[in-house]
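Residues in the sequence shown are numbered consecutively from -12, following my numbering. First up is the structure itself, then whatever we jot down about it.
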Amino acid sequence: MSSDSSTFIETESLETKRPCAQESESKCFFEVKDLKKAIGGQKILRGVDLNIRRGETMVVIGRSGEGKSVFLKHLIGLMSPDAGSIKVEGQELVGLRERQMRDIRRKVGILFQDGALFDSMTVAENVAFPLMEMGIKNREELLERVGQALDKVELAEHMAKMPINISGGMRKRVSLARAIIGEPQCILYDEPTSGLDPVVSESIDRLILRMQKNLCVTSLVVTHDMNSVFRIADRVAYLREGKIHFLGTPEELRDSQDRYVRSFVEGRQVEEE
Ligand SMILES: Nc1ncnc2c1ncn2[C@@H]1O[C@H](COP(=O)(O)OP(=O)(O)O)[C@@H](O)[C@H]1O
Ligand SMILES: [Mg+2]
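As structure tokens, then:
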């Protein structure tokens, strides 16, 4: 098990340069065009256009129930759209067969909003799952990599426990370890810091940044936490009424005069005219 400098909490500056995002600015990992989805007659996504550049950290914000999780599920084919296109590294995802979808899912790790751990498996077995799916069976390799991933979220000593016997915050960190263990090219994080205390939240943000910087990972983070937005985002997309209402840098978000953006950033209701 590694106890090198890549431990969960470390002193590295959050302002560290991120060469990956700058070098390949024009290349997109995801290209989403006019994505539409209704569920049970309710129009959730009403034409989402969003390009996510390779190596960048895109943060998606929006009120609860706006469709952020639904959007994320489309990106790995867990939901299929009514209309529109989703390209992953240039390859159209809409209409792909399950087997081809599996190849795409190997490139993309996901931290589900509710953690989605398997209750009947230990922490270690949960974290090992993506590697087993890839066909890695060597016990020593599995154990070493599980240990390293759990080290990154400071949970190595809990690997034998069952998910029911650890706290909600710990479960979230186990899901995070599971999302990163296969060293995917892209990681989708659905509310990675919700329900966690500020210190742990900041540590998760550092881990997200470090994954991006060290492994050139493309990241898409859904969050409610404005502190996180300003710590980690290269760009921010604000989902409102089924569309991307605002897209820009964190500075542009802070300076935006749009009334809906302002009210979201400041955490208050929009005053109706
Ligand atoms: N599997 C589902 N069945 C029915 N309704 C769903 C399902 N998933 C999401 N929804 C609805 O779609 C809307 C968007 O949900 P969601 O994407 O989870 O919002 P959020 O932005 O909070 O992540 C909500 O109204 C939710 O109730
Ligand atoms: Mg959600």
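We put the beta carbon where it would ideally sit given N, CA and C, even for glycine.
Given a threshold of 16 other Cβ atoms within 10 Å of its Cβ, counted over all protein chains shown, does residue i qualify as buried or as exposed?
i      : result
Asn113 : buried
Glu10  : The predicted position of Glu10 is uncertain, since its pLDDT is 49 and thus under 50; no value can be drawn from it.
Gly27  : exposed
Ser162 : buried
Gln244 : exposed
Pro185 : exposed
Arg327 : Residue 327 is absent from the model: the chain starts at -12 and stops at 260.
Lys266 : Lying before the first or after the last residue shown, residue 266 is absent from the chain, which here runs from -12 to 260.
Glu120 : exposed
Arg218 : buried
Arg158 : buried
Arg193 : buried
Glu144 : exposed
Glu128 : exposed
Glu238 : exposed
Asp242 : exposed
Ser188 : buried
Heavy atom of ligand 1 less than 7 Å from the Cβ of residue i, yes or no?
i      : result
Lys159 : no
Glu266 : A question about residue 266 goes unanswered here, because the residues of the chain that appear run from -12 up to 260.
Ile31  : yes
Gly49  : yes
Ile26  : yes
Val216 : no
Ser67  : no
Val35  : no
Val46  : no
Ser162 : no
With distances taken between CB atoms, is the gap from residue i to residue j smaller than 8 Å?
i      : j      : result
Ile191 : Ser206 : no
Ile231 : Val35  : yes
Pro150 : Val110 : yes
Gly64  : Pro117 : no
Pro171 : Val252 : no
Ala264 : Leu137 : Because the chain spans -12 through 260 in this model, residue 264 falls outside it and cannot be assessed.
Met198 : Ile167 : yes
Ala224 : Leu80  : no
Leu175 : Leu22  : no
Does ligand 2 have even one heavy atom less than 7 Å from the beta-carbon of residue i?
i      : result
Val209 : yes
Asp212 : no
Glu178 : yes
Gln135 : no
Gln100 : yes
Ser243 : no
Ser56  : yes
For residue i, write down the residues that DSSP places opposite it in a beta bridge.
i      : result
Phe17  : Ile39, Val75
Ile174 : Gly96, Ser206
Ile231 : Leu226
Ile26  : Gln29
Ala70  : Lys23
Val47  : Val209, Ala224
For residue i and residue j, I'd like the C-alpha separation in whole angstroms.
i      : j      : result
Gly235 : Arg222 : 5 Å
Glu131 : Asn125 : 10 Å
Val75  : Ile97  : 15 Å
Glu228 : Lys55  : 11 Å
Ser51  : Ala103 : 19 Å
Ala25  : Met66  : 11 Å
Glu85  : Val46  : 28 Å
Gly134 : Val209 : 27 Å
Ile105 : Arg246 : Here residue 105 is Phe; the residue named in the question, Ile, does not match the sequence. The alpha-carbon atoms of Phe105 and Arg246 are separated by roughly 42 Å.
Gly82  : Ala70  : 11 Å
Ile153 : Arg160 : 11 Å
Phe233 : Lys20  : 16 Å
Gln100 : Met88  : 21 Å
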